[in-house]
Amino acid sequence: MADEPATRRRSAIGDLLKEEGAKGALLAAVSTIVVFGAAAIAIGNSPNWPKIRDQFFNAEDFADSWPAVLGGFWLNLELFAYAMLAIPVVALLVAAARSFRGAAFFPIRLLSVIYTDLFRGIPLILLILLLGFGVPALDLQGLPNSSTFWGMAALTLSYSAYTSEIYRSGIDAVPDSQRSSARALGLTQWQALRHAILPQAIRNVVPALMNTVVSLQKDVALISILGARDAVREAQIYTTRTFNYTSYVVATLLFLSISIPLTRYVDWYTARDRRRRERGSV
Numbered sequence: 000m001a002d003e004p005a006t007r008r009r010s011a012i013g014d015l016l017k018e019e020g021a022k023g024a025l026l027a028a029v030s031t032i033v034v035f036g037a038a039a040i041a042i043g044n045s046p047n048w049p050k051i052r053d054q055f056f057n058a059e060d061f062a063d064s065w066p067a068v069l070g071g072f073w074l075n076l077e078l079f080a081y082a083m084l085a086i087p088v089v090a091l092l093v094a095a096a097r098s099f100r101g102a103a104f105f106p107i108r109l110l111s112v113i114y115t116d117l118f119r120g121i122p123l124i125l126l127i128l129l130l131g132f133g134v135p136a137l138d139l140q141g142l143p144n145s146s147t148f149w150g151m152a153a154l155t156l157s158y159s160a161y162t163s164e165i166y167r168s169g170i171d172a173v174p175d176s177q178r179s180s181a182r183a184l185g186l187t188q189w190q191a192l193r194h195a196i197l198p199q200a201i202r203n204v205v206p207a208l209m210n211t212v213v214s215l216q217k218d219v220a221l222i223s224i225l226g227a228r229d230a231v232r233e234a235q236i237y238t239t240r241t242f243n244y245t246s247y248v249v250a251t252l253l254f255l256s257i258s259i260p261l262t263r264y265v266d267w268y269t270a271r272d273r274r275r276r277e278r279g280s281v
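Numbering (numbering that gives the first Met the number 0), first residue to last: 0 to 281.
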């Protein structure tokens, strides 16, 4: 019986929070409608809007450019899939090499530091240009001459450097006692990393890794500067032929069709991970 007043107070607080949340959601919805409505009216009343509409939102050009841009978009998705297979492996190897302890592993740690600093310091677009045009020009036997291949290699090298730091932050977050306990059981440094450290580290950095996936999906479009017939390049070709920019809108919508679901999934997963950690800390 003594708990009934406290229960009623908690129920009242819960009802108040729900009411305030509903009011906040309603206010946000009304504000959004007002802002977008005002923007639509301002754009529609612009004297240049008919010309912009014909240049960027022409239905006939949309239909005409759709097949070619969609065909190029499949190349973007293909390269994205290949990069997603290569980047986690390379990044994990670099992060693991940098986490080895002892003087004997200093050369390995030094190489991993040089790799990370080098490829994080070069702008991605410059790296794509250097590898995409430079390596095929060497005409070395045994190496691919495809600029598209080297564009994907540039994406892999650059994103692996950033991703390795994400992995390393997760490794550093694991208490040293875990490593010491593994070594006390007779495990080597690699075995300790593989069985004790990395499983915990990867679980801690999954949300950050998934945000990297969203960025990668967009940056794959940079291979168009090498002449690869991806969605952006196909849109450029159509625009050059017709002097109409609707094809760029087509490419934009295709990328949004992937990036928005990915972003929403990342937000959902991050929120779920945060709730799991909060329950675990209680």
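For every residue, glycine included, the Cβ atom is placed at its ideal position computed from N, Cα and C.
Checklist entry - Apart from the five residues just before and just after Arg108, which ones in its own chain have a Cβ nearer than 6 Å to its Cβ? => result Setting aside the 5 residues that flank it on each side, Arg108 is surrounded in the same chain by Arg97, each with a C-beta closer than 6 Å to its C-beta; the list follows chain order.
Next on the checklist: Let's see if you can read the secondary structure: which residues bound the alpha helix (DSSP H) around Ile86?
Outcome noted: Unbroken alpha helix (DSSP H) run through Ile86: 58–98.
Next on the checklist: Taking the straight line between their C-alpha atoms, what separation do you get for Ala58 and Ala234?
Outcome noted: Their Cα atoms are separated by approximately 15 Å.
Checklist entry - Leu109 by DSSP, collapsed to three states: which one? => result Leu109: helix per DSSP, three-state reduction.
Next on the checklist: Between which residues of its own chain and Thr155 is the CB-CB distance below 6 Å, once the five residues before and five after are set aside?
Outcome noted: Short of 6 Å from the beta carbon of Thr155, and not among the five residues preceding or following it, lie these beta carbons of its own chain, in chain order: Ala82, Ala85, Ile86.
Checklist entry - What is the rounded straight-line gap between the Cα of Asn210 and the Cα of Pro135? => result Each residue's alpha carbon lies about 32 Å from the other.
Next on the checklist: So, for Gln199: in the same chain, excluding its five sequence neighbours on each side, which residues have a beta-carbon less than 6 Å away from its beta-carbon?
Outcome noted: So the qualifying residues of the chain are Val173.
Next on the checklist: Please report the straight-line C-alpha distance between Ala207 and Ile196, rounded to a whole angstrom.
Outcome noted: Their backbone Cα atoms lie some 18 Å apart in a straight line.
Next on the checklist: Considering just the uninterrupted stretch of the alpha helix (DSSP H) at Phe104, what are its terminal residues?
Outcome noted: Unbroken run through Phe104: none, as it is neither H nor E.
Checklist entry - Skipping 5 residues on each side, what residues in its chain have a beta carbon closer than 8 Å to that of Ile124? => result If the five residues before and after Ile124 are omitted, its C-beta is found closer than 8 Å to the C-beta atoms of Leu221, Ile224, all from its own chain and listed in chain order.
Item to check | Selection from Pro49, Phe56, Arg273, Gly71 that minimises the alpha carbon distance to Val204 | outcome: When each option's Cα is compared against that of Val204, the closest is Arg273.
Checklist entry - Quick one: complete beta strand (DSSP E) runs, 3+ long, within the stretch 256–281? => result Within the stretch 256–281, not a single complete beta strand (DSSP E) segment reaches 3 residues in length.
Item to check | Cβ contact check for the stretch 43–62 and the stretch 243–251: 3 or more pairs under 8 Å | outcome: Output reads yes: the stretch 243–251 touches the stretch 43–62.
Next on the checklist: Please report the distance separating the alpha-carbon of Pro106 from that of Arg193.
Outcome noted: Approximately 21 Å, taken between the alpha carbons.
Next on the checklist: Quick test of your reading: Arg232 and Gly71, contact by CB under 8 Å. State the CB separation rounded to the nearest angstrom.
Outcome noted: Cβ atoms of Arg232 and Gly71 come within 8 Å of each other, at about 6 Å.
Checklist entry - Given that a residue counts as buried once 16 or more other Cβ atoms are within 10 Å of its Cβ, and exposed if not, what is Glu277? => result The residue is exposed, with fewer than 16 neighbouring Cβ atoms inside 10 Å.
Item to check | Whether Ala94 touches Ile32 by CB criterion (8 Å) | outcome: 8 Å or more divides the Cβ of Ala94 from the Cβ of Ile32.
Item to check | Cβ-based burial, Ser157 [other Cβ within 10 Å; buried from 16] | outcome: Its Cβ being crowded by 16 or more others within 10 Å, Ser157 is buried.
Item to check | alpha helix (DSSP H) runs contained entirely in the stretch 188–248, provided each spans 4 or more residues | outcome: 188–191, 197–218, 230–241, all fully within the stretch 188–248.
Checklist entry - Count the other CB atoms within 10 Å of the CB of Tyr264; is the residue buried (16 or more) or exposed (fewer)? => result Tyr264 is exposed by the Cβ-count criterion.
Next on the checklist: Going by DSSP, what residue range makes up the alpha helix (DSSP H) through Leu130?
Outcome noted: For Leu130, the enclosing alpha helix (DSSP H) has its first and last residue at 123–137.
Checklist entry - Would you say Val212 and Leu261 are within 8 Å of each other, going by their C-beta atoms? => result Less than 8 Å separates the beta-carbon of Val212 from that of Leu261.
Next on the checklist: Please classify Arg240 as buried or exposed, where buried requires at least 16 other C-beta atoms within 10 Å of its C-beta.
Outcome noted: It counts as exposed.
Next on the checklist: Could you give the first and the last residue of the continuous alpha helix (DSSP H) run that contains Gly150?
Outcome noted: Taken as a continuous stretch (DSSP letters only), the alpha helix (DSSP H) holding Gly150 covers 146–172.
Item to check | Check whether Asn47 and Asp229 have beta carbons under 8 Å apart | outcome: Pairing Asn47 with Asp229 gives a Cβ-Cβ distance that is not under 8 Å.
Checklist entry - Between the C-alpha atoms of Ala67 and Gln140, what's the straight-line distance to the nearest angstrom? => result When rounded, the distance between both Cα atoms is 34 Å.
Item to check | Buried versus exposed call for Leu16 [16 or more other C-beta atoms within 10 Å across all chains shown] | outcome: With a pLDDT of 48 at Leu16, under the threshold of 50, the predicted position of this residue should be treated as unreliable, though the coordinate-derived value follows. Leu16 is exposed by the Cβ-count criterion.
Checklist entry - Among residues of its own chain, excluding the 5 on either side of Arg119, which ones have a beta-carbon nearer than 7 Å to its beta-carbon? => result The beta carbon of Arg119 sits closer than 7 Å to the beta carbons of Ala160, Tyr161 from its chain, once the five residues preceding and following it are set aside; these are given in chain order.
Item to check | Contacting residues, own chain, Cβ-Cβ under 6 Å from Ala1 (five flanking each side not counted) | outcome: Low confidence applies here, because Ala1 scores a pLDDT of 48, under 50, leaving its location unreliable and the question unanswered by this model.
Item to check | Inter-residue Cα distance where the pair is Asp218 and Leu69 | outcome: Cα to Cα, Asp218 sits roughly 17 Å from Leu69.
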